[in-house]
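Residue numbers (the numbering used here): 11 to 191.
The beta-carbon is built from N, C-alpha and C at its ideal position, and this holds for glycine as well.
Step one of this worksheet: look at the structure below.
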């Protein structure tokens, strides 16, 4: 369950939500055992139901959203948990792929995500547009995306920090170029 933080708010009144893992899995279309493997220490009641504590407001919002969808709140909660775990796994894989990129590929990825054209990237990195085109092709293949637009969405969706200072990175690249490295 995702909790919303409220700075300086008093501790909310908690309410308990019980639901059967098996029923929620079936309704959400989740594979058997997904929650147990993702969250092995999840508290459960004597009857095998998972116990979640939410503040009253979040519980009300969950019930309203479930009612609008024509679902039981516990089924919607299971779907949200499954979706959140899936997104987190996808993000972890994407971060691992980004970490495996070369320094130059990361520079090209960030500049492309900033909306720069191949020619602008080439000028910034002091390379030819054909070299940038090659880097972009490698990035598309490594990241499993089809276009620079998809590349931009991929990088921006991660909400990761770009290079500490692109100007420093550019200056370092130009210095290496002049030094003949």
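| Check | Outcome |
| --- | --- |
| Meets three-Cβ-pair contact criterion under 8 angstroms: the region 147-158 and the region 107-115 | yes |
| Beta-carbon contacts of residue 141 that lie in its chain and below 6 angstroms, excluding the five residues immediately before and after | none |
| C-beta atoms of residue 123 and residue 162 nearer than 7 angstroms | yes |
| Nearest neighbour of residue 157, chosen from 109, 105, 111, 119 [CA to CA] | 119 |
| Endpoints, alpha helix (DSSP H) assigned at residue 10 | Outside the modelled stretch of the chain, which goes from 11 to 191, sits residue 10, for which no answer is possible. |
| Rounded separation between residue 125 and residue 68 - CA only | 38 angstroms |
| Burial state of residue 144 (16 or more Cβ within 10 Å) | exposed |
| C-beta atoms of residue 104 and residue 168 nearer than 7 angstroms | yes |
| For residue 127, the three-state DSSP class (helix, strand or coil) | coil |
| Residue 131 to residue 76 span [Cα, whole Å] | 47 angstroms |
| Alpha helix (DSSP H) segment containing residue 81, residue limits | Unbroken run through residue 81: none, as it is neither H nor E. |
| Buried versus exposed, by CB contacts within 10 Å (16 or more), residue 88 | buried |
| Selected residue, minimal CA-CA separation from residue 110, among 80, 164, 153 | 153 |
| Element boundaries [alpha helix (DSSP H), containing residue 136] | Counting along the chain, residue 136 falls outside any alpha helix (DSSP H), and DSSP gives it neither H nor E. |
| Contacts around residue 155, its chain only, beta-carbon distance under 6 angstroms, and the 5 residues preceding and following it disregarded | 161, 164 |
| Exposed unless 16 or more other CB atoms sit within 10 angstroms - verdict on residue 127 | exposed |
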